[in-house]
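Colleague: First the structure, then my questions, so here it is.
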Amino acid sequence: MAEKKGKKKDPKEWRIDIDAERCKGCGFCVEFCPKGTLAMSDDFNSKGYHPPMVANPDSCTYCDMCEMVCPEFAIWQASDVQKKDTHIADDLVRMDRMPHIWCPGCGIGTVVNCFVEALHEAGLDLDKTQIVSGIGCTGRVAGYVDLDSYHTTHGRAIPFATGLALGAPDQKVVVISGDGDLTAIGGNHFFHAARRNADMTVICVNNFTYGMTGGQVTPTAPQKSIAITTPYGAFDRPFNIPFIADSCGANFVARWTTYHVRHLQRAIKTALLTPGFSLVEAISPCPTLYGRRNKLGDGLDLMKFYKEKSVRFKKDQHTTADAEIGFQDQIMVGNFVNRENPSLLNAMDSSLKDKLGDKYVQWPIPG
Amino acid sequence: MKKVLMGNHAASWGAKLSRVRMIAAYPITPQTHIVEELSEMCSDGRLDAKFLKVESEHSAMASVIASETTGVRSFTASSSNGLALMHEMLHWAAGARLPIVMVNVNRALAPGWNIWADQGDSLAQRDTGWIQIYVEDNQEVLDSVIQGYRIAEQVNLPVMVCYDAFFLSHTYEPVDIPDQESVDSWLPSFEPDNFLDPENPKAYYGLVMPDNYMEMRYRLQQAHEAAKRVVSEVGNSFGNHFGRPYDLVETIHCDDAETVLITSSSATSPARLVVDKLRDAGRKIGLLKMRVFRPFPTEIVQEILGNKKTAIVIDRNCSWGKGGIFADEIKGAINNLSNRPMVYSFIAGLGGRGITPDLIEDIVKQVENSESPATSSEWIGLKPFN
Ligand SMILES: Cc1ncc(C[n+]2csc(CCOP(=O)(O)OP(=O)(O)O)c2C)c(N)n1
Ligand code: SF4
Ligand code: SF4
Ligand SMILES: [Mg+2]
């Protein structure tokens with residue numbers, strides 16, 4: 001379980017634990033530790049990767065950056081006093097299924113960390129939380145989380161989730177899926193769910209490509225970026241996901257990258273607690289396909305790029321229309337929209353109540 | 001020119017040599033290499049065609065329907081759930097009598113996500129009005145795509161070339177790639193009588209009242225009847241030109257056989273080995289490879305199976321609530337013959353399980369030791385249930 005945030009931790013109580021066997025050597029933890037506590041070791045694990053080691057234990061403030069950013073759930077802060085001896089994802093991810101299929105340096109595991117931490121912090125009843133995914137590398141999240149989950153068809157996560165939210169209004173419905181799944185083959189559903197403020201949180205992992213099928217161009221791929229189906233660069237204009245969700249009327253809209261673990265986690269928490277349709281876009285590295293084809297280096301290089309090239313959304317200066325992403329250009333991040341349009345369920349209820357008065361029986365019919 | 005190609009690239013070459021002008025596709029394993037290769041060919045100018053990267057398979061079929069309507073030779077490819085998503089548009093392509101050629105890599109349908117070989121996807125489209133060809137090896141993939149256009153454009157019907165996931169799609173085999181000039185001299189350019197032409201405005205796809213709909217549909221059925229002859233003629237002419245003849249079916253040792261083994265797609269190759277082996281051991285067994293499933297070659301099947309004692313059909317598919325689909329269609333085809341074999345129906349290899357020579361031999365042995373066929377298809381190679 002998550003310990004209290006915001007309080008300074010007593011370094012005497014805490015240590016860093018590393019499960020070297022889980023590590024795929026991406027280097028995220030070492031690079032993004034703000035104190036230089038970690039270093040890559042010369043050891044090999046059985047998969048042939050160099051796991052990290054704690055090189056300067058005294059420097060550590062136990063901020064949990066390494067734990068949040070590690071896509072393999074391989075490094076965490078532990079404390080006997082605070083009774084924490086596992087990774088934050090351990091109780092919500094099916095560790096018997098690890099290692100997961102995601103490549104070294106893929107950001108999907110990092111998004112999972114932000115999601116599970118947000119779930120804990122939001123204090124939702126986990127027995128009433130439903131996870132829906134479409135198909136893709138991201139779609140595999142549904143199979144890995146230890147919650148009620150549905151791995152639906154490619155593109156149909158949102159209509160599935162809409163049915164779930166209407167049929168079981170006491171449940172919190174969360175969709176976690178890829179950019180291709182949600183904006184290409186399932187794009188139509190995305191607009192409509194946002195328009196109606198269907199009661200769900202959508203986490204869109206945007207890696208600018210169809211990862212699972214080998215890296216073809218998606219509707220979010222920046223112009224000029226190379227995919228196997230656009231060997232000379234994409235030429236059509238990509239979707240600006242926050243702009244679409246905003247213009248359709250979604251109640252909460254945010255975008256962060258997998259570098260911004262804390263912001264991403266907080267945005268997901270706010271999304272989970274917002275009635276109606278909430279959308280969090282997580283820009284995430286796909287080093288194997290998008291990174292390699294565009295000669296952008298490995299996952300770590302992509303993460304460093306996010307760090308350098310992200311600009312903050314400022315309400316008084318920007319609109320979501322400014323959040324378009326050009327190839328290797330700035331990535332605008334922030335919580336763009338937070339409004340209180342009636343959710344689909346509320347709109348349905350109040351409109352029918354209005355019309356039918358006492359005759360109206362609220363769905364689901366009790367008993 | 002001989003090259004070692006995976007089945008998917010043999011399909012891309014088939015499309016390229018047929019000089020397709022428009023391709024629209026959405027990625028899905030195990031089809032994706034076909035269109036990746038074609039998009040590369042379009043980008044670097046080796047192929048003078050437009051490649052549209054659509055947002056779903058439904059849009060892919062809708063786009064090639066549109067381009068074919070304008071008189072442009074068009075191509076697409078898909079598999080499994082992608083083909084299922086095209087369903088509405090598949091009916092449209094055939095009903096509108098558009099000679100589109102597509103490739104379907106046979107893959108199992110979800111749920112139970114599975115990317116491996118299974119014919120359930122394309123056989124579920126059997127009533128959409130498409131000609132369906134089931135091919136055995138990578139050479140036949142390339143040859144069938146080229147023949148597909150000549151057949152399609154003669155009878156105004158779309159053609160679906162189907163082959164097994166991974167057993168063909170990802171397996172490398174030597175393939176003879178004909179010269180472009182040679183293909184050009186055999187496959188005429190596409191000159192349809194009717195096409196959307198701004199110089200000569202016409203309205204397409206309007207409402208058809210009950211007084212005409214049935215006749216329109218009758219002509220679709222007639223086109224399929226005619227296609228049986230055309231498939232044979234085109235396969236024969238292809239043989240004369242390229243040295244590799246094709247037909248609706250292929251028979252091996254069937255003339256004097258008492259038992260005929262019946263297969264389709266890649267399962268035919270191991271069946272060839274088994275039949276040769278059993279022949280050597282003195283058994284009167286033959287092999288019938290079902291190459292074309294729609295139109296169903298009823299007359300030929302009757303001719304081959306009339307007077308035989310036993311037919312054994314192996315299906316990598318199942319019509320739920322009925323059984324093996326090829327077996328069922330074969331039974332239907334021979335039903336009115338006064339002398340007809342007992343038909344044994346077996347389901348094997350679903351979701352990518354191997355149909356090996358040993359498994360086929362076991363099936364033959366099982367039939368030899370039984371008196372009469374079971375009323376429903378028998379499932380081979382099931383694990384014990386607990
Ligand atoms: C109807 C249908 N068409 C195509 C596919 C093949 N397919 C599986 S995953 C995928 C792309 C996934 O891309 P995205 O949603 O961006 O997820 P990522 O893998 O990048 O995380 C495709 C095209 C499918 N499963 N079903
Ligand atoms: S972030 Fe995790 S996977 Fe990456 S190097 Fe550190 S421990 Fe290994
Ligand atoms: S292919 Fe890309 S998106 Fe898929 S697991 Fe690998 S890095 Fe991640
Ligand atoms: Mg993607």
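Protein sequences appear in the order of chains D and C. One point on numbering: in our numbering, the residue at position 301 of the first sequence is 301, and numbering is uninterrupted. One point on numbering: in our numbering, the residue at position 257 of the second sequence is 257, and numbering is uninterrupted. C-beta: ideal position from N, C-alpha, C; glycine also.
(1) Taking the alpha-carbon positions, what's the Val103/C to Trp14/D distance?
(2) To which residues of the same chain is Asn339/C closer than 8 Å at the C-beta, ignoring the five residues directly before and after it?
(3) Look at Ile330/C and Ile262/C and say whether their C-beta atoms are less than 8 Å apart.
(4) Taking beta-carbon pairs under 9 Å, can you tell me which members of the region 170 to 186 of chain D lie near chain C?
(5) Got a sec? Which residues, its chain only, sit under 8 Å from Ile101/D by beta carbon, not counting five neighbours each side?
(6) Nearer than 7 Å: is that true of the beta carbon of Gly299/D relative to any heavy atom of ligand 4?
(7) Could you tell me whether the Cβ of Thr128/C comes closer than 8 Å to any Cβ of chain D?
(8) With DSSP as the reference, label Arg19/C as helix, strand or coil.
(9) Enumerate, from N- to C-terminal direction, the unbroken beta strand (DSSP E) stretches of 3 or more residues contained entirely within the region 259 to 283 of chain D.
(10) Name, in chain order, the residues that DSSP records as bridge partners for Phe346/C.
(11) Would you report the Cα separation of Ile158/D and Pro342/D, rounded to the nearest angstrom?
(12) Buried or exposed for Phe51/C, please, with buried defined as at least 16 other CB atoms from any protein chain shown within 10 angstroms of its CB.
(13) With a threshold of 7 Å, establish whether the CB of Gly139/D neighbours any heavy atom of ligand 3.
(14) Is Arg196/D helix, strand or coil by DSSP?
(15) Output the distance between the C-alpha atoms of Ala165/D and Lys322/C, rounded to the nearest integer angstrom.
(16) List the whole-angstrom C-beta distance separating Val337/D from Phe252/D, where the pair is believed to meet the contact cut-off of C-beta under 8 Å.
(17) Could you check what DSSP says for Ser56/C in three-state terms: helix, strand or coil?
(18) What I want to know is whether the C-beta of Gly211/D ends up closer than 7 Å to one or more non-hydrogen atoms of ligand 6.
(19) Please work out which residues of its chain come closer than 8 Å, Cβ to Cβ, to Glu55/C, disregarding the five sequence neighbours upstream and downstream, and give them in chain order.
(20) Would you kindly work out how many angstroms separate the C-alpha atoms of Ser265/C and Lys24/D, rounded to a whole number?
(21) Assess, as a yes-or-no matter, whether the region 258 to 270 of chain D is touched by the region 109 to 120 of chain D under the definition of 3 or more beta carbon pairs within less than 8 Å.
(22) For the beta strand (DSSP E) holding Lys2/C, just list the boundary residues, first then last.
(23) In angstroms, rounded to a whole number, what distance separates the CA positions of Leu337/C and Met290/C?
(24) Grab the span of the alpha helix (DSSP H) containing Met303/D for me, first residue to last.
(25) Should Leu344/D and Arg196/D be called a contact, given that it needs their Cβ atoms to be closer than 8 Å?
(26) Between Lys308/C and chain D, is there a C-beta pair that is closer than 8 Å?
(27) Identify which residue in Cys29/D, Phe44/D and Asp301/D has its Cα closest to the Cα of Glu21/D.
(28) Going by DSSP, what residues sit across from Arg255/D in a beta bridge?
(29) What residues in the region 226 to 246 of chain D have a beta carbon less than 7 Å from any beta carbon of chain C?
(30) Assuming Phe166/C and Trp116/C are in contact, meaning their beta carbons sit under 8 Å apart, how far apart are those beta carbons, in whole angstroms?
(31) Return the chain-ordered list of same chain residues with a C-beta closer than 6 Å to the C-beta of Ser376/C, the five sequence neighbours on each side being excluded.
(32) Measuring from the CB of Pro27/C, is there a heavy atom of ligand 1 at a distance below 7 Å?
(33) Rounded to the nearest angstrom, what separates Lys7/D and His87/D at their Cα positions?
(34) With hydrogens ignored, establish whether the beta-carbon of Asp181/D is closer than 7 Å to any heavy atom of ligand 1.
(35) Identify every run of the beta strand (DSSP E) within the region 128 to 167 of chain D, keeping only runs that are complete inside it and at least 3 residues long; order them along the chain.
(36) For Ile28/C, return the contacting residues in chain D, with the cut-off set at a CB-CB distance below 7 Å.
Modeller: Let's see:
(1) Between Val103/C and Trp14/D, the C-alpha separation is close to 60 Å.
(2) Excluding sequence neighbours, Asn339/C sits near Gly306 and Asn307.
(3) In contact: Ile330/C and Ile262/C (Cβ atoms closer than 8 Å).
(4) Flagged, chain order: Gly180, Thr183, Ala184, Ile185 and Gly186.
(5) So the list reads Cys137 and Arg140, once near-sequence residues are dropped.
(6) Answer for Gly299/D: no, Cβ out of range of ligand 4.
(7) When Cβ-Cβ separations below 8 Å define contact, Thr128/C makes no contact with chain D.
(8) Coil.
(9) You should have 277 to 283.
(10) BP columns for Phe346/C point to Ile314/C and Glu378/C.
(11) Spanning the alpha carbons of Ile158/D and Pro342/D requires a straight line of approximately 19 Å.
(12) By the neighbour-count rule (16 or more Cβ atoms within 10 Å), Phe51/C is buried.
(13) Distances between the C-beta of Gly139/D and the heavy atoms of ligand 3 are all 7 Å or more.
(14) DSSP places Arg196/D in helix when its eight states are reduced to three.
(15) Roughly 37 Å between the two C-alpha positions.
(16) About 6 Å separates the two Cβ atoms, so the contact holds.
(17) If DSSP states are grouped into helix, strand and coil, Ser56/C belongs with coil.
(18) This structure lacks ligand 6; the ligands present are ligand 1, ligand 2, ligand 3 and ligand 4.
(19) Same-chain partners within the cutoff: Tyr26.
(20) Computed Cα separation, rounded: 41 Å.
(21) A contact exists between the region 109 to 120 of chain D and the region 258 to 270 of chain D.
(22) Here the beta strand (DSSP E) through Lys2/C covers Lys2 to Met6.
(23) In a straight line, the C-alpha of Leu337/C is about 19 Å away from that of Met290/C.
(24) Counted as a single uninterrupted DSSP element, the alpha helix (DSSP H) harbouring Met303/D occupies residues Gly299 to Lys309.
(25) Contact annotation: Leu344/D and Arg196/D have beta-carbon atoms nearer than 8 Å.
(26) Cβ-Cβ to chain D under 8 Å: no for Lys308/C.
(27) Selected option, being the one with the closest Cα: Phe44/D.
(28) Arg255/D is bridged to Glu281/D and Gly334/D.
(29) Residues Ile228, Thr229, Pro231 and Tyr232.
(30) With a beta-carbon spacing of about 6 Å, Phe166/C and Trp116/C fall inside the 8 Å limit used to define contacts.
(31) Only Gly323 meet the Cβ criterion.
(32) At least one heavy atom of ligand 1 is nearer than 7 Å to the Cβ of Pro27/C, so yes.
(33) The alpha-carbon of Lys7/D is positioned some 19 Å away from that of His87/D.
(34) For Asp181/D, the CB falls within less than 7 Å of some heavy atom of ligand 1.
(35) Within the region 128 to 167 of chain D, the complete beta strand (DSSP E) segments of 3 residues or longer fall at 129 to 133 and 148 to 151, listed in chain order.
(36) Near Ile28/C (Cβ distances below 7 Å), the residues of chain D are Thr213.
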